[in-house]
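Right, one structure below, let's go through it.
Number of protein chains: 2
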Amino acid sequence: MRPSRLLNVLTFALAAMSSPLAADEGMWMPQQVPALAERLAAAGFQGDPRTFADLTGFPMGAIVSLGGCSASFVSPDGLIVTNHHCVQGALQFNSRPDRNLMVDGFLARTRTEELPSGPGSRVFVTLAVEDVTAAVTGDIPAAVTGRAYHDLIERRQKELTAAREKQEGYRCTVASFFQGLKYFAITQLEIRDVRLVYAPAAGIGNFGGETDNWQWPRHTGDFSFLRAYVSPQGRPAAYSPDNVPFQPKHWLKVSARGASPGEVVFVAGYPGRTARFVTYDGVRETVDYQLPRTIRRNTEMIALLEKVGVGHPETALRVSTRIRSLNNGLTKTRGVHEAMVRGGVLRQKERQEAELVAWIAADPARQSKYGTVIPAISALNAERTRTRERNQLLADFAGATGSALGAAETLYRLAAERAKPDAERDPVFQERNWPRTRENLDRLQRNLDRRADHAVMTYNLAAIARLPADQRIEVIDRLVGLKPGQPDAEAAAAIDRWVGAQLEKSRLYDRDFRLGCFDRSRAELDAMEDPLLRVAAALYPVQEGIRNQAKETGGKLERLTPLYAEAVLARAGGLVAPDANGTLRVTFGTVKGVENRDGLFYLPQTTLKGVEQKATGKGEFNAPAAQLAAITALRTGRTSPYVDSRLKDVPVNFLSTVDTTGGNSGSATLNARNELVGLLFDGTYDTVASDYFYDTERTRSIHCDTRYLLWVMTEVDRADHLLREMTIVP
Amino acid sequence: MRPSRLLNVLTFALAAMSSPLAADEGMWMPQQVPALAERLAAAGFQGDPRTFADLTGFPMGAIVSLGGCSASFVSPDGLIVTNHHCVQGALQFNSRPDRNLMVDGFLARTRTEELPSGPGSRVFVTLAVEDVTAAVTGDIPAAVTGRAYHDLIERRQKELTAAREKQEGYRCTVASFFQGLKYFAITQLEIRDVRLVYAPAAGIGNFGGETDNWQWPRHTGDFSFLRAYVSPQGRPAAYSPDNVPFQPKHWLKVSARGASPGEVVFVAGYPGRTARFVTYDGVRETVDYQLPRTIRRNTEMIALLEKVGVGHPETALRVSTRIRSLNNGLTKTRGVHEAMVRGGVLRQKERQEAELVAWIAADPARQSKYGTVIPAISALNAERTRTRERNQLLADFAGATGSALGAAETLYRLAAERAKPDAERDPVFQERNWPRTRENLDRLQRNLDRRADHAVMTYNLAAIARLPADQRIEVIDRLVGLKPGQPDAEAAAAIDRWVGAQLEKSRLYDRDFRLGCFDRSRAELDAMEDPLLRVAAALYPVQEGIRNQAKETGGKLERLTPLYAEAVLARAGGLVAPDANGTLRVTFGTVKGVENRDGLFYLPQTTLKGVEQKATGKGEFNAPAAQLAAITALRTGRTSPYVDSRLKDVPVNFLSTVDTTGGNSGSATLNARNELVGLLFDGTYDTVASDYFYDTERTRSIHCDTRYLLWVMTEVDRADHLLREMTIVP
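Listed in order, the protein sequences are those of chains A and B. The numbering of the first sequence is my numbering, which starts it at 95 and goes up by one. The numbering of the second sequence is my numbering, which starts it at 95 and goes up by one.
Below, the structure written as structure tokens:
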């Protein structure tokens, strides 16, 4: 895209700056960065902010998405660096009971040893971002609302997407910014052959495990390497031994000097979701309902999945990434809840909104334009509250992560959607997504486990069985043989019997059968007489009803929330970063410690000394023997260019004030000379609520210093060929 | 005593200083301080080191011992400030189920409201310290060793003590310094009427409880006030309503400015025990045997005592201080063990001794003088190892803290010792100690509980029942009906039956009966037919045998250890502080934070902000409502002279590098102008192993800032009359 056009688009971003926002807050669209010039200069940033607006130039052209994680090119041969925790799936996919890459790590000594990352692995290279607001929301009469409005803007987005995906290998997303106030079409190159190149052992890459997750001081070597492959013609293609390394136009140079306290750094990546433009009412529902629910369910689910793995190593392997992900979510959710309630974030949000309301009321024109927006949004939220738990339980049951029933639901819904013209299909089930859906169904094999499914389905049905009489899901009552008010033991027996019968006979655990269902119609699926497909068929009408209701409410909300965002922006003077939505962003900050609690200071850097202090030789702190030997060598005279002269040790992790969230994992951290100085991989526990409300004082992101990465590659894993492939700046 | 004489005595302390010891290490005898002048000046200390040598001058004359805790006079009317945790016994003694001073605190509004602290409460004012080394160890032929040597020097100490205690109210202790290389006679005034004046609520005085014990950041208002009373004639006397406040010659002024980072401070008090002059072999036994044993037993004992209190509030109250003390010990012991093993302290000690051995071997004269000392000490230690567990189990059983059997043992042994001439009695049972022993037997009432005794005796006997065949305690086997190799269940049944029978019939739970036994002979005690007194009588010969054996080994060790200490001193160049032994000491340091772990820095001060952060309204973090209200008032405009201008808040606790240990609790922390700026009350977890080996970098003591004390007294507890009584320096 052309920067000039974007700048034009973002005129609101250039309004006078009287807001108290620090340079640290904001996951900025690259196109907004030039407007930040003054602020960045004041913060000590020496680079040219204008370069960011060119997404295909340097450095933004080197920043890629893995779909859920961020990454960057670090060689002209498509070598990609990201977090260790972002390649868990690839490590799991390539693990066998006798070769556990998740524990031992992996290093391809040659290109031919590089392993396919598994189905569904992707590298997305952002090519263009266009403002399509007018095309999405322009010229719609005010009377059109609810489902009609929802369907209309959804159709327009589909059309915009389709037009941009005509060329093979391109992927387009029309994304909403500022709660639907703006829409941008983002076009990406979608590379489908992604290979695992190098991951250190878990004792480095996941050192500290769940114990250290979200914590500081941190000593995690959370880095790994992938490589993007394309057809010999240079186009995205499915895995083939004939494929060749992708040659990006830009790749990052790796700094051998890492980052130091006080230094200005920036992070470029694809943050997933934040909710800073959500109303107080919405945040309050999150605190009162969603977070406690997630805490409870994750806790129970982790216990459940850990139990099913005991004495069954294959099951344990299959549920391991799910447990890790649940644990991560649990820690985060607990932290958010704590920060919201005890930490006072909810009160701050309440105050913020009260100020907004007062600001609106202070001016008749504003009052007339925005005065009814917040109450109207609240009313819609309240409407959804009534059936939320029932609907959520049904969704949890039918779409359980990593389950065969979840696969059945997907297959059945796909069959139903396929019967429609493509433009009328639910966006998720449009033809453009079929390959990915198919890959997901393929990839599922590594997680699929009858024993785990039995436990999870039983757990979900037990909750459904306890629903009050006026909220029953009748089709489930009928299928399973449940009745409101039934004694728990009776319901449990019926559930156990029913679940056992469905799972025993279902062939969806068989990869070929499952993928063989992919192109089938509803009638064909029915004819297969698979118990889980029958369950999916039976649930389909109920779920469609819920979805249609959601579209009706959604359409009404889509009419209101842009006005809310407009009011927030107007009040703040315009230059505000939009909420994260999985698109490319840049955030600026400083390497800096923080007084975490009264009397306790998080120093900005950690070193190998901490690895020695924490290493226990087992569990989450099982630093590899080769690493401990390398540390001993360093302590007894061996020199390394990665020793920091001030710290007199190799730096491991550092803190900075950059504003990040989930999805940012693996993001490049760069210095003012655009050199890679670190990889973003986490935030401190105090940071978790920043998705809702950013606290300039306390928020800290956690990065792995490139000096640790280079030291491990040199001294522990001897990945010399990769070191030679990269450009290392002394 | 005359300083000139002492200086003379400590000539060894004046040798050239080439040792690398920092100013922070060392619990110095006040008489050593003038020799530290240069070092203290270099560290930034501005006071006159010579003043310390005058124990009856200012400031040392204001520093007192409570026997186990330290304290200091802060008014001309005998007002004493110490730690909150040092007045637990007084709070417990004055508590009733409906008036729990341990929770609610106490404030006497007038002198008449001041409460007796309970039997055994003491204030010791040090009057003189004399070198009596020649009188204790001089002129003994080299052939005299073992028990003969032990008895001889014990007798000489008794004679020295008796001579100095002729005057009523004086207490003398002849204490060993440098492992018996030096002996000093310390004469103290012993004040026996001690009253509770003021203790804040547990939510301030014990804020953080076990969770925060040994931790930082800390927010504990660990201060309380007592008052010393004497007869109208100004002499020490038992409690009487006619007694009047003691008028000390010196008392400390209280600084309203507390202590600030970088400031030189010193702590004057009565540190209990350190073991820095113990051989590596001795430390090793501590690590391999004593510490793990204490960890295991304390853990089990805490669980036991907590269980017996469930559903029995009176029992729970009676065992509460015991649990608190066990918990404190457990945390400390765990920390010591961890520091010793994982933290490498044991290795440092090993290296230190290897260097000493090499230094000895490097010179023929040294080798001839000290060459055999360390192996000889090791051989004696090894000898004791064989029966140590058996002897320890017997001691644990017969002398269990706070038990009726422990009282029986004391009474029986007292009767046996009383039959001898006073000069031949075991020092503990000499006439001079009878009043204290009697008070202990009286004070025991607040802890004595049949239910707790049953649990503890059963627990101890179960371990005795499992002793191997060649280590049996035959008298116990016979009494209880135990046999080696007996099935556990059978032994347990026999134990339970026997314990139940003894406890049920024993009248030792009755205060009057117990105190009535005090003056009885063995025959009279036998005639009382009390089951527990009979047990004590039966165990007496076995215990006497063990004690005699200990005297034999002790005498041999007393011949060796002074030589070891002499070698250490000679190698260090002379100016080294002796191990703590409960006598008056001074330690110098700086208010300073510490990098506790790689990446984590303990800031040197905490503030009210942390109280707010930690306050949960319950349990260990139950900050009183009045305090929270006072904080709110402060946050909303109320001013206070105790707000630190840099921190913009009232400081609560601070860290310093001073060298302290148990017994130092309650010690005055003074600034260079001799003003009270804080109260020492704890050390960080990293500090616990400093009793064995001092780590200059990591060791930190924890103090309560006088500004917090003054703020709480002013704003929370309105103790205006006490504030008026003290001299507060602005």
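Heads up, the beta-carbon is just placed ideally off N, CA and C, and yes, glycines get one too. Every value quoted in this text rests on a predicted model; they were computed, and no experiment measured them.
- Beyond the five residues adjoining it in sequence on each side, E533 (chain A) comes within less than 7 Å, by CB distance, of P213 and G214 in the same chain, given in chain order.
- At a Cβ-Cβ threshold of 9 Å, H244 (chain B) and G639 (chain B) do not count as neighbours.
- Taking C-beta separations shorter than 8 Å and ignoring five residues to either side along the sequence, the partners of L246 (chain B) in its chain run I234 and V238, following chain order.
- Around Y658 (chain A), the same chain offers Q273, F371, T373, Y464, V467, I468 and I471 as residues with beta carbons nearer than 8 Å, after the five sequence neighbours per side are excluded.
- What R691 (chain A) touches in chain B, judged by beta-carbon distance under 8 Å, is P311, G704 and Q707, going in chain order.
- Judged by DSSP in its simplified three-state form, W122 (chain A) adopts strand.
- For D547 (chain B), the uninterrupted alpha helix (DSSP H) run begins and ends at R544 to A559, by DSSP.
- Within its own chain, the residues whose Cβ lies closer than 8 Å to the Cβ of A513 (chain B), once the five positions on either side in sequence are excluded, are S615 and R616, listed in chain order.
- Here the alpha carbon of I417 (chain A) sits roughly 21 Å from the alpha carbon of F317 (chain A).
- Proximity to E262 (chain B) across B:F278, B:Q282 and B:D613 peaks at B:Q282, based on C-alpha coordinates.
- At least one CB atom of chain B sits nearer than 9 Å to the CB of N747 (chain A).
- Runs of the beta strand (DSSP E) lying entirely within the region 438-500 of chain B, each at least 3 residues long, are absent.
- L555 (chain B) and M395 (chain B) have their alpha carbons spaced roughly 13 Å apart.
- Within the region 668-700 of chain B, G687, E689, R691, D692, G693, L694, F695, Y696, L697, Q699 and T700 place their CB atoms closer than 8 Å to a CB of chain A, listed in sequence order.
- The count of Cβ pairs closer than 8 Å, one atom from the region 733-753 of chain B and one from the region 329-339 of chain B, stays below three, leaving the stretches out of contact.
- Annotation: the continuous alpha helix (DSSP H) that includes T305 (chain B) extends over G303 to D306.
- DSSP, reduced to helix, strand and coil, places K252 (chain A) within a helical segment of the structure shown.
- Burial check for G610 (chain A): the Cβ neighbour count within 10 Å stays below 16, so the residue is exposed.
- Residue range P745 to S750 is occupied by the beta strand (DSSP E) that includes N747 (chain A).
- In the three-state reduction of the DSSP assignment, N675 (chain A) falls in the coil class, being assigned neither a helical nor a strand state.
- Note on the region 259-335 of chain B: whole alpha helix (DSSP H) runs with a minimum of 4 residues are 296-299 and 303-306, in chain order.
- A distance below 9 Å separates the beta carbons of R560 (chain B) and A585 (chain B).
- A straight line joining the alpha-carbon of R249 (chain B) with that of A494 (chain B) spans about 29 Å.
- Cβ-Cβ separation between A719 (chain B) and Q126 (chain B): approximately 48 Å, too far for a contact (criterion under 8 Å).
- According to DSSP, residue pairing for I822 (chain A) in a beta bridge involves A:V348.
- Rounded to whole angstroms, the Cβ separation of P170 (chain A) and Q327 (chain A) is 18 Å, and the two are not in contact under 8 Å.
- Residue environment analysis places G315 (chain A) among the buried positions, since at least 16 neighbouring C-beta atoms fall within 10 angstroms of its C-beta.
- E208 (chain B) is classed as buried because its beta carbon has at least 16 other beta carbons within 10 Å across all chains shown.
- Rounded to the nearest whole angstrom, the CA to CA distance from L678 (chain B) to I280 (chain B) is 9 Å.
- A476 (chain A) places its beta carbon 9 Å or farther from that of D547 (chain A).
- For A502 (chain A), same chain residues with a beta-carbon under 8 Å away, outside a window of 5 residues either side, are S600, L602, D624, L626, L627, V629 and A630 in chain order.
- DSSP, reduced to helix, strand and coil, places F682 (chain A) within a strand of the structure shown.
- Separation of the CB atoms of A621 (chain B) and R367 (chain B) is rounded to 40 Å, and the pair is thereby denied contact status at 8 Å.
- Shown here, L505 (chain A) sits in a helix according to DSSP, grouped into three states.
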